[in-house]
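Enquirer: Mind having a look at this structure? Questions to follow.
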Amino acid sequence: MSEEPLVRSRVDGPVATVELDSPGNRNALSRRLLAELDEALLAAAADPAVRVVVLGATGRVFCAGADLSEATGGSMEATTAAIVAIQRRLLTLPVPVLARVQGPVRAGGLGLVAASDVVVASRRATFALTEVRLGLAPLAVSLTVLPRLTDRAAAWAALGGEVFDAASATSWGLVTTVVDGDDLDEEVAWRADVLAQGDPQGQRETKALLTAPLVARLDAEGADAARRSAALFGSEAAQAAMQAFLAGRSGGGRNS
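Position one of the sequence shown corresponds to residue -9 (the numbering used here), numbered consecutively onward.
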């Protein structure tokens, strides 16, 4: 019996919608989900009818970050490299990527948001770089997330690990606009329609112009960031913190 897909895609006219669909782990970035997401993005890019990709997620949570159950069960080298690679894929896709953020985004999930071109978030969405509380650092997403934020916001978010709301994410530069939850789909549809009106060559060249600094940084520093991130995941301190976090979550403890 085949496994249910963790990423679902559909095309409606010029709009390709790609959704994370892994509710069992709150759309965490498992190795399989990352591979399926990359395949879905490549398929959208190869379709000449597609002029914009809407990146979303099913369920209450947009993305919980790295899959900690995998992180406590073996090496994270392949996963951290894939997290860096998926951000590069989003940045270099020849069409605009519009992120539809309906709920919480944590840790590595912020990389998906930061690598998108336009981000529409519900007021119910919250964000946090929680790595510092688990003996980690946001290395795998730092090359896209930190440049999006103001310097002071980046320091507070990364060092504090505190949850911040969609309004703060907008004022700090991570999110394009925030709307009431009931208006999210209408806002996303309107912005997708506007983006889809761009000429393909104009879209491709303009996006390349806008994303060039982030792509160059990923190419220069991404492999090292992924290696350092994997090393932190494997450290004694991080392993103990992640085990405690997972035990607390399964026992009904507070989840940041």
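Heads up, the beta-carbon is just placed ideally off N, CA and C, and yes, glycines get one too.
Out of S59, A179 and R207, which has the shortest C-alpha to C-alpha gap to V108?
Expert: Closest option to V108, Cα to Cα, is A179.
Enquirer: On the criterion of 16 or more Cβ atoms from any shown chain inside 10 Å, does P98 qualify as buried, or is it exposed?
Expert: Checking the displayed sequence, the identity of residue 98 turns out to be Gly instead of Pro. When all chains shown are included, G98 counts as buried.
Enquirer: Does the stretch 81 to 94 come close enough to the stretch 58 to 65 that 3 or more CB-CB pairs lie under 8 angstroms?
Expert: No: fewer than three Cβ pairs fall under 8 angstroms.
Enquirer: Within a Cβ cutoff of 7 angstroms, which residues of the same chain sit near V103, ignoring the five residues on either side of it in sequence?
Expert: Closer than 7 angstroms at the Cβ level, and outside the excluded window around V103, lie A89, V91, V95, V109 and L164.
Enquirer: Keeping to the same chain, check which residues put their C-beta closer than 7 angstroms to that of F143; ignore five residues upstream and five downstream.
Expert: Looking at the sequence shown, residue 143 is not Phe but Ala. Around A143: W162.
Enquirer: Counting along the chain, where does the alpha helix (DSSP H) carrying D170 start and finish?
Expert: Note, D170: premise wrong, no alpha helix (DSSP H); not H, not E.
Enquirer: Can you tell me which of the three DSSP states L19 falls into?
Expert: DSSP places L19 in strand when its eight states are reduced to three.
Enquirer: For V85 versus L45, is the C-beta distance shorter than 8 angstroms?
Expert: Cβ atoms of V85 and L45: not closer than 8 angstroms.
Enquirer: For the alpha helix (DSSP H) containing L45, list its first residue and its last residue.
Expert: Note, L45: premise wrong, no alpha helix (DSSP H); beta strand (DSSP E) at V42 to A47.
Enquirer: By Cβ distance below 6 angstroms, which residues in the same chain neighbour T134 in space, the five residues on each side in sequence not counted?
Expert: Closer than 6 angstroms at Cβ, skipping near neighbours: Q77, G101, A104, A105 and L204.
Enquirer: Could you give the C-beta distance for A18 and D57, rounded to a whole number, given that I count them as a contact under 8 angstroms?
Expert: A18 to D57, Cβ: 4 angstroms. Contact.
Enquirer: Could you tell me which of S219, A234 and A127 sits nearest to T69, measuring between CA atoms?
Expert: Among S219, A234 and A127, the Cα nearest to that of T69 belongs to S219.
Enquirer: Let's see if you can read the secondary structure: which residues bound the beta strand (DSSP E) around D2?
Expert: First-last of the beta strand (DSSP E) with D2: V(-3) to D2.
Enquirer: By Cβ distance, which residues of its chain are closer than 7 angstroms to G242, with the 5 residues on each side in sequence left out?
Expert: Only weak support exists for where G242 lies, its pLDDT of 41 falling under 50; the value from the coordinates is given anyway. Taken in chain order, the list of residues that qualify is empty.
Enquirer: Indicate the three-state DSSP secondary structure (helix, strand or coil) for V135 in the structure shown.
Expert: V135 falls in the helix class under three-state DSSP.
Enquirer: Span of the alpha helix (DSSP H) holding V103?
Expert: That run of the alpha helix (DSSP H) goes G99 to A104.
Enquirer: Report back the beta-carbon spacing between G93 and R50 to the nearest angstrom; my notes put them in contact at under 8 angstroms.
Expert: Sure, about 5 angstroms apart at Cβ, within 8 angstroms.
Enquirer: From A234 to S112, what does the alpha carbon distance come to, in whole angstroms?
Expert: Cα to Cα, A234 sits roughly 31 angstroms from S112.
Enquirer: By the three-class DSSP mapping on this structure, what secondary structure does R114 have?
Expert: DSSP places R114 in coil when its eight states are reduced to three.
Enquirer: Could you tell me which of A231, A75 and A127 sits nearest to L32, measuring between CA atoms?
Expert: Checking every option, the nearest Cα to that of L32 belongs to A75.
Enquirer: Classify V(-3) as buried or exposed, calling it buried when 16 or more other Cβ atoms lie within 10 Å of its own Cβ.
Expert: That one is buried.
Enquirer: I believe P4 touches V40 by the beta-carbon criterion, under 8 angstroms. Please report the beta-carbon distance rounded to the nearest angstrom.
Expert: Confirmed, Cβ separation roughly 6 angstroms.
Enquirer: Would you call A255 buried or exposed, if buried means 16 or more other Cβ atoms sit within 10 Å of its Cβ?
Expert: No statement about residue 255 is possible, as the shown extent of the chain runs from -9 to 246 and does not include it.
Enquirer: Does T7 come out as helix, strand or coil in the three-state DSSP assignment?
Expert: It is a strand residue.
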